[in-house]
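Following: one structure in structure tokens, then a few remarks.
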Amino acid sequence: MSFLEMIYRRIPMNFIKILLITAVMMSSLSSTANEFASEPQFREPENLNIQLPTKQKRKTSPGIKRAATATNIKANARQSINSDPTLALSHKTVRFSRLLNDSANSFQVNTPQTISSRSYSVKISANDFNKGVEIYTSAPGAIVRITPFVQKNAIQQKTIFAIEPENLMVSGDKGSLAVTDNGMELMSKSSAMSQASNQMFKMSSAFKIAKDLGAGKFVLKSNKQFNANNPFIVQVFDKNSHDILTASSNKFAYKLQDNLSVKAALKSSQRIDKLKAQLVSPAGNSYPVTFVQSQKGEFRLNKQLNLSENRKPGELWEVQLRVDAMSNQKRVIRDIRIPMDIHRQSALITGKISQLSMPGRTLIEVPVNVEASGRYVIQGIIYGTDASGNKVPALDVQTAKWLNAGNENIALSVAKNKLLSSGLSAPFQLQQLTLKDQSRMSSLERQSLKLKINFKEMGFPGRGRELK
């Protein structure tokens, strides 16, 4: 008997069912783990106390490129950067390196991201269950989860209660069933869900609509009268449906003033009747955005990020998208959330990268123009040549260092022994360079380059110390 079989036999069957529900519901999350801890409803932007800067022309002298761009950041922008909360981190310089295999996925950053969804959520009140809550599916066997909606700083914690499965009836075109009937698979009460998944599904209940009831419009109605306006989130996961909403952004990390680019499409649908979208800040402020449909039926968003909001380190923005469509004469609702790192440009790689060969190692010095003091990381990916003459990843080198505002340098240390143990040969090249802000937890910049490394003094065959 294997180790996994021993564990499996010791777990009670009810707990296994709970884990199955948790796994299925987790697979429907569009983005971050707190997707259902915040209100999924689309709302009109409120009057926000946020100043949106007007676009100003940047004065740049002819012939001066990125260095001038970095040093000409205006005083008000510098004040905004310094007002962002930061983590209290060490000022000690730390260097790290590791060998890589030929899988570029092990170190790629800021690459395009694609998210898909077969689910949607709606916010209702407990009283709505008295008259019936409408939900829509396009395939049999959908899973429904009901969770109390709790504000982050909720005071009246005593009033929170669960909608238990034994209090619900499900009605559709093919009949009605109580949620506690045998046809309702994977049923779980709130106490069991809370025990299995801690805070994420606390006070939640979940059930699977019997396949005999088919798909289409259903009404969830309580057989117990509620007299409360407590808000709840009803999530419908249409797990067997071919109607899939996909959304992709061209990268994960954006700096303010960048152009945000997102594409979205609903597969298998015959007609999209309604599409709503908004950009939501970590503080919960909403900015309207507009998707334009192309001739191929794909929806595209292009928006310059003229925003001004402080964020805590690591907090993410979201593009929230919701579609209402028809597919095979059935109504299809889908929503999706695309997380992204939108930050201020607190530092920038500028100038010429230089190299210094030393006994047993080479130092690659990267010049950085710093607008806000903090702890920064430079990561370099060095490629070597395999037996077939192909360039493959050899070494990941990183240096974390505290930098003060102004012109600074961070040096990557490339050890001779580490490169020798990679099994690859010269010529070696630094092909990827990434700058990250650890104090504000943001990915600032990524460069692709082909910088030959001087191996002559390291015992490798090379062509000298010239950098190209």
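Residue numbers (my numbering): 1 to 468. We put the beta carbon where it would ideally sit given N, CA and C, even for glycine. A quick note: this is a predicted structure, and the numbers were derived from the prediction, not measured.
Out of curiosity, what's the CA-to-CA distance linking residue i and residue j?
i      : j      : result
Ser421 : Phe149 : 55 angstroms
Asn286 : Ser176 : It is worth fixing the name first, because residue 286 is Ser in this sequence and not Asn. Computed Cα separation, rounded: 39 angstroms.
Glu39  : Asn404 : Residue placement at Glu39 is poorly supported in this model, since its pLDDT is 38, which falls under 50; the coordinates are not used for a value here.
Ala426 : Gly360 : 16 angstroms
Ser138 : Ile272 : 14 angstroms
Ser125 : Lys92  : 53 angstroms
Asn250 : Thr111 : 7 angstroms
Asn302 : Ala277 : 12 angstroms
Leu433 : Leu321 : 33 angstroms
Ser281 : Ser117 : 21 angstroms
Val179 : Pro165 : 6 angstroms
Ala162 : Asp84  : 39 angstroms
Leu467 : Ile453 : For Leu467, the pLDDT reaches just 31, beneath the cut-off of 50, and the residue's location in the model is therefore unreliable, leaving the point undetermined.
Thr114 : Ala347 : 28 angstroms
Leu444 : Phe252 : 11 angstroms
Ala283 : Asn182 : 44 angstroms
Phe492 : Lys123 : Since the first and last residues shown for the chain are 1 and 468, residue 492 lies out of range.
Val392 : Leu99  : 11 angstroms
Met203 : Thr147 : 6 angstroms
Arg95  : Asn328 : 58 angstroms
Lys211 : Leu316 : 38 angstroms
Asn407 : Pro367 : 7 angstroms
Leu356 : Pro313 : 34 angstroms
Thr362 : Ser90  : 25 angstroms
Can you look up residue i in the DSSP assignment and give me helix, strand or coil?
i      : result
Lys312 : coil
Leu451 : strand
Glu134 : strand
Leu420 : helix
Lys221 : strand
Asn167 : helix
Thr350 : coil
Lys274 : strand
Phe129 : helix
Lys208 : strand
Leu213 : helix
Thr159 : helix
Val332 : strand
Arg361 : strand
Do residue j and residue i come within 8 angstroms of each other at the CB atom, strictly closer than that value?
i      : j      : result
Val323 : Val289 : no
Asp396 : Ser97  : yes
Val262 : Ala247 : yes
Gln345 : Val377 : no
Ile381 : Gln431 : yes
Gly132 : Lys208 : no
Asn130 : Asn167 : no
Gln447 : Ile349 : yes
Tyr120 : Arg334 : yes
Leu419 : Ala387 : no
Arg440 : Thr86  : yes
Ala206 : Ile160 : no
Ser413 : His343 : no
Return the bridge partner residues of residue i from the DSSP annotation.
i      : result
Leu99  : Leu395
Arg300 : Lys263, Val292
Asn409 : Pro367
Val94  : Ala400
Arg446 : Thr434
Lys123 : Ile233
Arg375 : Trp402
Report yes or no: is there a C-beta of chain B within less than 8 angstroms of the C-beta of residue i?
i      : result
Ala283 : Structure shown: chain B not included; a single protein chain is present.
Assess, as a yes-or-no matter, whether the segment 234 to 243 is touched by the segment 252 to 268 under the definition of 3 or more beta carbon pairs within less than 8 angstroms. Yes: the two stretches touch, three or more of their Cβ pairs being nearer than 8 angstroms.
Using a Cβ distance threshold of 8 angstroms, determine whether the segment 364 to 379 contacts the segment 330 to 339, with at least three qualifying pairs required. The segment 364 to 379, when compared against the segment 330 to 339, does not touch it at the 8 angstroms Cβ threshold.
Is there contact here, the segment 218 to 236 with the segment 301 to 316, by at least three beta-carbon pairs under 8 angstroms? These segments do not touch.
Check whether the segment 166 to 174 touches the segment 215 to 223, counting contact only when three or more Cβ pairs, one atom from each stretch, lie closer than 8 angstroms. The segment 166 to 174, when compared against the segment 215 to 223, does touch it at the 8 angstroms Cβ threshold.
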